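Okay, structure first, notes after.
There are 2 protein chains.
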Amino acid sequence: MNKQKDLEALRHSAEHVLHTAMQKLYPNLRKVMGPPIETGFYMDFDLERQSISPDDFPKIEAEMQKIIDARLPVTGKEITIKDAAELFADNQYKLNTIKEIEKAGENPEIYEIGTPKDEYYDIDLCKGPHVKNTKEIKAFKLLSVAGAYYKGDENNKMLQRIYGTAFPTSKELKEHLKNLEEAEKYNHRKLGKQLGLFAIIPEIGKGLPVWLPNGYAIRRELEDYMLKLERKHGYKHILTPHISKEILFKTSGHLDFYKDSMYAPMQIEDESYYLKPMNCPAGMMVYKLGIKSYRNLPIKMGEFGTVYRYEKSGELHGLQRVRGFTQNDAHIFCTPKQLQKELEKVIDLLHTFYKDVGFEKYKFRLSLSDPKAEKYTFCGSREGWKQAEKELESVLQKRGLEYERAVGKAVFYGPKIDVQAINVYGKEDSISTIQIDFNLPERFGIYYIDEKGNKAHPFVIHRALIGSFERFFAFLIEHYKGAFPVWLAPIQAQVIPVSDKNNEYALEIAKKLMEKDLRVEADISDNTMQAKIREAQMQKIPYMLIVGDKEEKNQSVSVRLRSGENKGSLPIKEFTDIIIQKYLTKDLQLW
Amino acid sequence: MNKQKDLEALRHSAEHVLHTAMQKLYPNLRKVMGPPIETGFYMDFDLERQSISPDDFPKIEAEMQKIIDARLPVTGKEITIKDAAELFADNQYKLNTIKEIEKAGENPEIYEIGTPKDEYYDIDLCKGPHVKNTKEIKAFKLLSVAGAYYKGDENNKMLQRIYGTAFPTSKELKEHLKNLEEAEKYNHRKLGKQLGLFAIIPEIGKGLPVWLPNGYAIRRELEDYMLKLERKHGYKHILTPHISKEILFKTSGHLDFYKDSMYAPMQIEDESYYLKPMNCPAGMMVYKLGIKSYRNLPIKMGEFGTVYRYEKSGELHGLQRVRGFTQNDAHIFCTPKQLQKELEKVIDLLHTFYKDVGFEKYKFRLSLSDPKAEKYTFCGSREGWKQAEKELESVLQKRGLEYERAVGKAVFYGPKIDVQAINVYGKEDSISTIQIDFNLPERFGIYYIDEKGNKAHPFVIHRALIGSFERFFAFLIEHYKGAFPVWLAPIQAQVIPVSDKNNEYALEIAKKLMEKDLRVEADISDNTMQAKIREAQMQKIPYMLIVGDKEEKNQSVSVRLRSGENKGSLPIKEFTDIIIQKYLTKDLQLW
Chain A
1 MNKQKDLEAL
11 RHSAEHVLHT
21 AMQKLYPNLR
31 KVMGPPIETG
41 FYMDFDLERQ
51 SISPDDFPKI
61 EAEMQKIIDA
71 RLPVTGKEIT
81 IKDAAELFAD
91 NQYKLNTIKE
101 IEKAGENPEI
111 YEIGTPKDEY
121 YDIDLCKGPH
131 VKNTKEIKAF
141 KLLSVAGAYY
151 KGDENNKMLQ
161 RIYGTAFPTS
171 KELKEHLKNL
181 EEAEKYNHRK
191 LGKQLGLFAI
201 IPEIGKGLPV
211 WLPNGYAIRR
221 ELEDYMLKLE
231 RKHGYKHILT
241 PHISKEILFK
251 TSGHLDFYKD
261 SMYAPMQIED
271 ESYYLKPMNC
281 PAGMMVYKLG
291 IKSYRNLPIK
301 MGEFGTVYRY
311 EKSGELHGLQ
321 RVRGFTQNDA
331 HIFCTPKQLQ
341 KELEKVIDLL
351 HTFYKDVGFE
361 KYKFRLSLSD
371 PKAEKYTFCG
381 SREGWKQAEK
391 ELESVLQKRG
401 LEYERAVGKA
411 VFYGPKIDVQ
421 AINVYGKEDS
431 ISTIQIDFNL
441 PERFGIYYID
451 EKGNKAHPFV
461 IHRALIGSFE
471 RFFAFLIEHY
481 KGAFPVWLAP
491 IQAQVIPVSD
501 KNNEYALEIA
511 KKLMEKDLRV
521 EADISDNTMQ
531 AKIREAQMQK
541 IPYMLIVGDK
551 EEKNQSVSVR
561 LRSGENKGSL
571 PIKEFTDIII
581 QKYLTKDLQL
591 W
Chain B
1001 MNKQKDLEAL
1011 RHSAEHVLHT
1021 AMQKLYPNLR
1031 KVMGPPIETG
1041 FYMDFDLERQ
1051 SISPDDFPKI
1061 EAEMQKIIDA
1071 RLPVTGKEIT
1081 IKDAAELFAD
1091 NQYKLNTIKE
1101 IEKAGENPEI
1111 YEIGTPKDEY
1121 YDIDLCKGPH
1131 VKNTKEIKAF
1141 KLLSVAGAYY
1151 KGDENNKMLQ
1161 RIYGTAFPTS
1171 KELKEHLKNL
1181 EEAEKYNHRK
1191 LGKQLGLFAI
1201 IPEIGKGLPV
1211 WLPNGYAIRR
1221 ELEDYMLKLE
1231 RKHGYKHILT
1241 PHISKEILFK
1251 TSGHLDFYKD
1261 SMYAPMQIED
1271 ESYYLKPMNC
1281 PAGMMVYKLG
1291 IKSYRNLPIK
1301 MGEFGTVYRY
1311 EKSGELHGLQ
1321 RVRGFTQNDA
1331 HIFCTPKQLQ
1341 KELEKVIDLL
1351 HTFYKDVGFE
1361 KYKFRLSLSD
1371 PKAEKYTFCG
1381 SREGWKQAEK
1391 ELESVLQKRG
1401 LEYERAVGKA
1411 VFYGPKIDVQ
1421 AINVYGKEDS
1431 ISTIQIDFNL
1441 PERFGIYYID
1451 EKGNKAHPFV
1461 IHRALIGSFE
1471 RFFAFLIEHY
1481 KGAFPVWLAP
1491 IQAQVIPVSD
1501 KNNEYALEIA
1511 KKLMEKDLRV
1521 EADISDNTMQ
1531 AKIREAQMQK
1541 IPYMLIVGDK
1551 EEKNQSVSVR
1561 LRSGENKGSL
1571 PIKEFTDIII
1581 QKYLTKDLQL
1591 W
């Protein structure tokens, strides 16, 4: 087993220890479930009207520690449906699960902590894996408590959920807790407000973020970057309306399969129009505007397309979970022969992009069809799916990339690669997706004329390197703790006069730099120089250019970095060359 | 009277001559109205079930010529309501108008052509002015016939409308007709299709244009240009969602006064959301995010905001009249003292913009309040309106601009300046608007803390230099007949190999230029060189770079302009410098 699997087993066992402790402290408790998750574990339970609060954590943690100190064995085995039903006769949730196991034609498995004669003894329906002994849980902590609907369905009963985490060493736990604290300090909602990046305004609507000047400067920089990069890779860009007629989404199938995520239609002169939840249908229509031959392929059609999708208000979260967002979207239409090369190019583009925004850690997940389920009978052909899956995997291998292989996790319309970035706190987020779409080309009757003069469906690679500018921005803000590199910084340099005698010179310097399309401001407010420096530092502006009489005389600027470091006096020309160089090369370092 | 007024009188008289002729040919005809318009005149009439077609024009024109040749006097006079009612007793439309005149407490005026003893005699309810004699109409032509609802209301009867034009000389008429023909040849819908600029796709919806790759390249270039230009002028940009909660449009008053132009609301979790018809309300909310002091002003907040407004499907027209469009919008919040300077800056920005896109002819119209109507009682203060009107006018005068003074044409929320550009065919279109808004600051409770520590409403200049990217683009396409200058051309240069031996070199040249963020393609299709040149010329690509063995050997390109002119062989470095220079300086000339 690899390290990640070991960690999962450790955390899963910590969760069982939590259950054992809770059962002792609250005999009425009915456990529902409790899996390990990316950063720890959680446990859902039903305690009727009694509710747990973080104040109870010390008591629970002390109980857990006793179980760990008791060095109890953790053992698993398979049992019969009948035995399981008897064992968990007083827990309706477990009985439901047992019924599901029976329906799937499988046998229940259980895990025990300790033995019936120990002071602490617990038995739970569980597939494991676990550690062999509770003593292996060297470091753990309970973190928070929340409500959670049974099976995530708001029509079901509201349960309680305790989150916790566990590590093989207390050093690692300590580091993790420090990261959490930092993450909270630098969370994107807090920084978004502090730095004037975005706002959620109640009168406009929940989940409908407004990009404020500093945020929009970054968004625009990213769009321009992507546009230029994609152009060099042969992409052309379109822009399609935010509303479209019903027939478009009937054809695409969204009204059959995706209606719950779409907003209600608007009537315009007896026709129904919908806000678009995806850019694909309009993209297909643009492809269809003329007859295409194999000579015209590949066609790479990009769009910075804003889509609107319904999310429950309770699930909205800053920029991470919103109701309207913009995708850096593209559809690549190609022949079977071109598929491999085009996938390689997408992966190369992705690497360039991740490098330029400074993401070092990211991982790939390849979602393939379930050979038993024969998903490709829904759309596409067996050969099409086989080729697509083979080539998606082969491009990952060819590029020497580690990836998780998720068999049976393909979506109904095709296999895909998802890319998750991992930020400095270990927090992960889905950033990019590369999918093969077998559905839309068939539904829209998309074809090209092949070498033999026959009509053929092209392969359609649907890729979004920035799946959502909003979500990506949330990640980016936290990744940089708001201290963006020069090329992304909303204000790249702030000119600060030593006294108001130097105001004119400060304005002149700012103007010179602005002429070069740099984002520069001069602070000629009434504040003191010290206050201006503090403010610029708070705003995490990369360079402060302090200008006094000496600088004015020498046509120079005194450079101070946002870290507080002084770089001394530089001729204005020299500083201009440095900042432009940093900007153009997307240098992540300020000096 | 100035030249334009003379032309209007001439055309208005030509319309009366048309009526006289029609009355003779179709005794059942009931004229409704017939004004001069920008490019000629039209006449609305009711002929019951008989319909006029262009086939009837020669006959009507011959009759009109007879009236002109008869050199009949045209005379006007005031009469009483009673006399007028008797004169037009058999024409219900005229009787309606007479009632309106009576209601307004005015006297009707009539104009006569000839006298009752002439072969041709006509009397019409009309305020004039007219020419003195029909002989002054030296050149005229009927152009088209269309349907038109009485008073423009679709619940009223459908009338017929004949369009025509008239000029003081046949040379001018000939030129105008040639212009019309050219305009038809180069109309933006035709060129939009031919050059792959935009498309209206029925499945997406009427009035909802899709920007195709070549059109989007221009749109993006314009956006970037505006963003950078506005930044240099101190603007900062935001981006607000396309849907917003009902409360926003209740506060702004749009739901009271603008509802007919808005789409039906969507329900989201028991709240109503509307597609935004204007960007202003969200802009006001952004201003309100923090307390502002006079020290923070002026605040210039720009947005490339896409709005959706209802237009009847019958009134939709290419990119000119659409249901969804993007504005280059901005709100300038300033103190009374700053107003004049900010208005000057807006005018200067506008001049830079018009120069850079190559518009030479444009005119200003200043819409002021009606001193009798006291519009400012609706919102704003008397002093506010006075200052705003005085300063709007003074900035036009200061800059030495000719302008039309439209007293009583201010909108309810404030006075404004509209700018119309005139294209090569004399066709005019509203491009820009600069308005003072007294309404929204009050409705949203927008204020700043003034020097004395009191709350005060700022002046809000609402300006859109590109009132609609869509409409502007329609104008731009026709202005350039699709042959855009280098900085706007979707493809700036096409590399064309002499034979397929030179394909590699062609690709290498294209790549080199693309590295500089130029929009360049290499045509390595199977077509002949001649066919490729023809195609590039059809696409109006500024430069064709022909590359054969000689060019490959010398690392050069042979430059051909889209006019067909050959500029000979140039080292690639030298051509690169030229095209970049043309691009950056927005040179309208190719060589």
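Quick mapping for you: the protein sequence lines, in order, are chains A and B.
Be aware that the first sequence starts at 1, since it is given in my numbering, and climbs by one per residue.
Be aware that the second sequence starts at 1001, since it is given in my numbering, and climbs by one per residue.
The C-beta atom is built at its ideal place from N, Cα and C for all residues, glycine as well.
Keep in mind that this is a model prediction, so the values were computed, not measured.
Enclosing beta strand (DSSP E) for Asn1439 of chain B [first to last residue]: Unbroken run through Asn1439 of chain B is the alpha helix (DSSP H), Asn1439 to Arg1443; no beta strand (DSSP E).
Answer yes or no: does any C-beta atom of chain B fall closer than 7 Å to that of Lys24 of chain A? No, its Cβ sits nowhere closer than 7 Å to a Cβ of chain B.
Runs of beta strand (DSSP E) wholly within the stretch 1512 to 1579 of chain B (minimum 3 residues, chain order): Counting only runs of 3 or more, we get 1520 to 1522, 1543 to 1547, 1556 to 1561 and 1566 to 1571.
Does the distance from the CB of Tyr1310 of chain B to the CB of Tyr1163 of chain B come in under 7 Å? No. Outside cutoff.
In chain order, each alpha helix (DSSP H) run of at least 4 residues that lies wholly inside the stretch 1197 to 1258 of chain B: List check, alpha helix (DSSP H) in window: 1213 to 1232, 1246 to 1252 and 1254 to 1257.
Is Met1 of chain A helix, strand or coil by DSSP? With a pLDDT of 44 at Met1 of chain A, under the threshold of 50, the modelled position of that residue is not reliable, and the figure given next carries that caveat. Residue state, collapsed to three classes: coil.
Label Asp1437 of chain B either buried or exposed according to how many other C-beta atoms from any shown protein chain fall within 10 Å of its C-beta, with 16 as the threshold for buried. Asp1437 of chain B counts as buried, since at least 16 other C-beta atoms from the protein chains shown sit within 10 angstroms of its C-beta.
Under a three-way DSSP split, which group does Leu159 of chain A fall into? DSSP places Leu159 of chain A in strand when its eight states are reduced to three.
Do the stretch 397 to 407 of chain A and the stretch 424 to 436 of chain A meet, that is, are 3 or more Cβ pairs less than 8 Å apart? Judged by Cβ distances under 8 Å, the stretch 397 to 407 of chain A makes no contact with the stretch 424 to 436 of chain A, as fewer than three pairs qualify.
For Thr80 of chain A, does the three-state DSSP call read helix, strand or coil? Coil, per DSSP.
Rounded C-alpha distance that separates Gly1467 of chain B from Ser1430 of chain B: Gly1467 of chain B and Ser1430 of chain B have their alpha carbons spaced roughly 8 Å apart.
With a 10 Å radius around its C-beta and 16 neighbouring C-beta atoms as the bar for buried, classify Trp1487 of chain B as buried or exposed. The residue is buried, with at least 16 neighbouring Cβ atoms inside 10 Å.
If you compare alpha carbons, which of A:His351, A:Tyr447 and A:Asp118 is closest to Val419 of chain A? Here the closest residue by C-alpha is A:His351.
Can you name the start and end residues of the alpha helix (DSSP H) that Lys1392 of chain B belongs to? In the sequence under discussion, the amino acid at residue 1392 of chain B is Leu, which differs from the Lys named in the question. Counting along the chain, the alpha helix (DSSP H) containing Leu1392 of chain B begins and ends at Arg1382 to Lys1398.
Determine the chain A residues that contact Tyr1310 of chain B at a beta-carbon separation under 8 Å, and present them in chain order. The contacting residues are Ile268.
Run through DSSP, which three-state label would Pro1129 of chain B get? In this structure, Pro1129 of chain B counts as coil in the three-state DSSP scheme.
Can you find at least 3 beta carbon pairs, one from the stretch 1205 to 1225 of chain B and one from the stretch 1167 to 1174 of chain B, that sit closer than 8 Å? Counting Cβ pairs under 8 Å, fewer than three are found: no touch.
So, is Arg1231 of chain B buried or exposed, given that buried needs 16 or more other C-beta atoms within 10 angstroms? The residue is buried, with at least 16 neighbouring Cβ atoms inside 10 Å.
For Asp500 of chain A, does the count of other Cβ atoms within 10 angstroms reach 16, so buried, or fall short, so exposed? Exposed, since its Cβ has fewer than 16 Cβ neighbours within 10 Å.
Roughly how many whole angstroms lie between the Cα atoms of Leu1440 of chain B and Tyr1287 of chain B? If I take the Cα positions, the gap works out to 12 Å.
Would you mind sorting Ile291 of chain A into buried or exposed? The rule is 16 or more other CB atoms within 10 Å of its CB. So Ile291 of chain A ends up on the exposed side.
Closer than 7 Å, CB to CB, is Val1210 of chain B near chain A or not? With its beta carbon less than 7 Å from one in chain A, Val1210 of chain B belongs to the interface.
Sheet register partners of Val1074 of chain B (DSSP bridge): Answer is B:Ile1113, bridged to Val1074 of chain B.
Specify, as a first and last residue, the run of the alpha helix (DSSP H) that Pro1497 of chain B falls within. No alpha helix (DSSP H) contains Pro1497 of chain B, which is instead part of the beta strand (DSSP E) from Ala1493 to Pro1497.
Suppose contacts are defined by Cβ-Cβ distances below 7 Å. Is Arg463 of chain A in contact with Ala330 of chain A by that definition? Closer than 7 Å, so yes.
Option in A:Glu552, A:Ile579 and A:Met285 with minimal Cα separation from Leu561 of chain A: Comparing alpha-carbon positions, the option among A:Glu552, A:Ile579 and A:Met285 lying closest to Leu561 of chain A turns out to be A:Ile579.
Residues that Ser1244 of chain B contacts on chain A, provided the C-beta gap is smaller than 8 Å: What Ser1244 of chain B touches in chain A, judged by beta-carbon distance under 8 Å, is Glu203, Ile204, Gly205 and Leu208, going in chain order.
In terms of alpha-carbon separation, which member of B:Val1498, B:Glu1223 and B:Asn1279 lies closest to Phe1249 of chain B? Ranking the options by Cα distance to Phe1249 of chain B, first place goes to B:Asn1279.
Hey, quick one: how far does the alpha helix (DSSP H) through Phe1469 of chain B stretch, first residue to last? Residues Phe1469 to His1479.
Less than 7 Å separating the beta-carbons of Ile1113 of chain B and Leu1125 of chain B? Not a contact, by the Cβ cut-off of 7 Å.
Are any of the Cβ atoms in chain A nearer than 7 Å to that of Ala1282 of chain B? Output row for Ala1282 of chain B: interface = yes.
Out of A:Ile81, A:Asn91 and A:Arg534, state which residue places its alpha-carbon closest to the alpha-carbon of Glu100 of chain A. Closest in alpha carbon position to Glu100 of chain A, among A:Ile81, A:Asn91 and A:Arg534, is A:Ile81.
Is there a Cβ of chain B sitting closer than 7 Å to that of Asp517 of chain A, yes or no? At a cut-off of 7 Å, the C-beta of Asp517 of chain A has a neighbouring C-beta in chain B.
Continuous beta strand (DSSP E) stretch holding Val1419 of chain B: start and end: Counting along the chain, the beta strand (DSSP E) containing Val1419 of chain B begins and ends at Lys1416 to Ile1422.
Taking CB distances under 7 Å as the criterion, tell me whether Lys1228 of chain B reaches chain A. Interface residue, yes.
Since Asp1356 of chain B is in the alpha helix (DSSP H), which residue starts that stretch and which ends it? In this chain, the alpha helix (DSSP H) harbouring Asp1356 of chain B covers Leu1339 to Val1357.
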